[in-house]
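*Asks:* If you're matching positions, the sequence shown starts at 1 in the UniProt record's numbering and goes up one per residue.
Here a beta-carbon is modelled for each residue, glycine too, at the ideal position from N, C-alpha and C.
In this text the structure is predicted, and so the values were computed from the model without any measurement.
Quick one: the structure is below, questions incoming.
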Amino acid sequence: MWLSATLAAALAAGPALAETAAKPAATADTSASDTKADSKPAETRKVAADTVVASVNGTDITLGDMIALRSQLPAQYQQLPDEVLFKGILDQLVQQTLLQQSMKGKLTKRDKLALANSERAFVASLALRQAEKAAVTPEALKAAYDAKYAHFTPATEYHAAHILVKSEKLAKEIKAKLEKGADFATLAKKYSTDGSAQNGGDLGWFQPDQMVKPFAEAVEKAKVGTIVGPVKTQFGWHVIKVEGSRPTKKPTLAQETPELSQELAKKAVTERLAKLKDGAKVTEDIKGIDPSVLKNQTLLQ
């Protein structure tokens, strides 16, 4: 927990890794020259997570500590050569341990509470990730997808463009110009007050329920290629050109995976917390406590 809770601060407080990242080339060159100078292959030994690689005033630093720290490093550090990063991480852990030891008996009440909160949050996040990982599997995703689209019926979606103006009179004048052969996109850019004006009034593909009812009904009743209106809505008066229509397609599993993953993960977390609460004894004693007391930092002194 020390590593995860203090990684960012430790990277700033201890110069080892910062210096390693700043001068990777020089360090790598030195290592290369040293290798050339020594023709004997480096000896290897059997290692494990609890293999001790250093000791600081009796406090052991293990290979597991180093592996855990490496996995948490930012991308710029991950790109360094292994031999360079190994030395940098070891130096960093030695520095962290020295700093940690220097604070023995000096942590304030605020420090101890912050450390406890960080550890609680870290362990809780592990529990949530485990629940999510167990729930979001290829089999679960496929089952959720099949259930969602078991009764899928294609709907109709439409492609249309419109010109939105404030008065019915202007809308009729614009429609008359279009019927005489004027270019729809040109008039949309000139007259329309809608954001789609810059695109020639093009609204792209949409389903009727995505539009206000009078607009949707006018589009559904119109033939492809025709201009309808003026149609009044709460936004003003619309002159509409129906560009096309087509049946909707069922999304693929790959397309639905991000959304289904979120739904499965959310459900798993909710069920996990509910189960834990049901099996736990939770009591609260907050009677007479003013909620504003949380702002009172002097209680931590």
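Could you check where the beta strand (DSSP E) with E243 kicks off and where it finishes?
*Replies:* As a position in the sequence shown, residue 243 is number 243, starting the count at 1. It spans G236 to P247 - the beta strand (DSSP E) in which E243 sits, taken as one unbroken run.
*Asks:* If you draw a straight line from the C-alpha of R120 to the C-alpha of F152, how long is it?
*Replies:* For the purposes of this step, residue 120 is taken as the residue at position 120 of the sequence shown. For the purposes of this step, residue 152 is taken as the residue at position 152 of the sequence shown. For R120 and F152, the distance between alpha carbons rounds to 44 Å.
*Asks:* Give, in chain order, every unbroken run of the beta strand (DSSP E) that is at least 3 residues long and sits entirely within the region 53-108.
*Replies:* List check, beta strand (DSSP E) in window: 59-62.
*Asks:* If you draw a straight line from the alpha carbon of R129 to that of Q101, how long is it in whole angstroms?
*Replies:* Mapped onto the sequence shown, residue 129 falls at position 129. Mapped onto the sequence shown, residue 101 falls at position 101. Rounded to whole angstroms, R129 to Q101 spans 32 Å at the Cα level.
*Asks:* Specify the secondary structure class of residue 306 as computed by DSSP and reduced to three states.
*Replies:* The structure shown does not extend to residue 306, since the chain spans only 1 to 301, so no value can be given for it.
*Asks:* Quick one: is G236 buried, meaning 16 or more other Cβ sit within 10 Å of its Cβ, or exposed?
*Replies:* One-based indexing of the sequence shown puts residue 236 at position 236. Label assigned to G236: buried.
*Asks:* Do L203 and residue 303 come within 8 Å of each other at the CB atom, strictly closer than that value?
*Replies:* Absent from the model: residue 303. The displayed extent of the chain is 1 to 301, so no value can be given.
*Asks:* For E168, I'd like the list of residues in its chain whose CB is within less than 8 Å of its CB, leaving aside the five on either flank, ordered along the chain.
*Replies:* Here residue 168 refers to the residue found at position 168 of the sequence shown. Same-chain partners within the cutoff: P230, K232 and W237.
*Asks:* Can you say whether M103 is buried or exposed, counting buried as having 16 or more other CB atoms within 10 angstroms of its CB?
*Replies:* Taking the first residue of the sequence shown as 1, we reach residue 103 at position 103. Result: exposed.
*Asks:* Once the 5 residues before and after T62 are set aside, which same chain residues still bring their CB inside 7 Å of it?
*Replies:* Counted from its first residue, the sequence shown places residue 62 at position 62. So the qualifying residues of the chain are A49, D50, T51, V52 and V53.
*Asks:* Need the endpoints of the alpha helix (DSSP H) that A265 sits in, please.
*Replies:* For this step, residue 265 is matched to residue 265 along the sequence shown. Per DSSP, A265 belongs to the alpha helix (DSSP H) from L253 to D278.
*Asks:* Using DSSP's beta-bridge definition, name the partner residues of F206.
*Replies:* Numbered from its first residue, the sequence shown carries residue 206 at position 206. For F206, which the question treats as bridged, DSSP gives the partners Y158.
*Asks:* Quick check on K177: does DSSP put it in helix, strand or coil?
*Replies:* The residue you call residue 177 lines up with position 177 of the sequence shown. Residue state, collapsed to three classes: helix.
*Asks:* Roughly how many whole angstroms lie between the Cα atoms of R45 and Q76?
*Replies:* Reading the sequence shown from its first residue, position 45 is the one you call residue 45. Reading the sequence shown from its first residue, position 76 is the one you call residue 76. Each residue's Cα considered, the two are about 29 Å apart.
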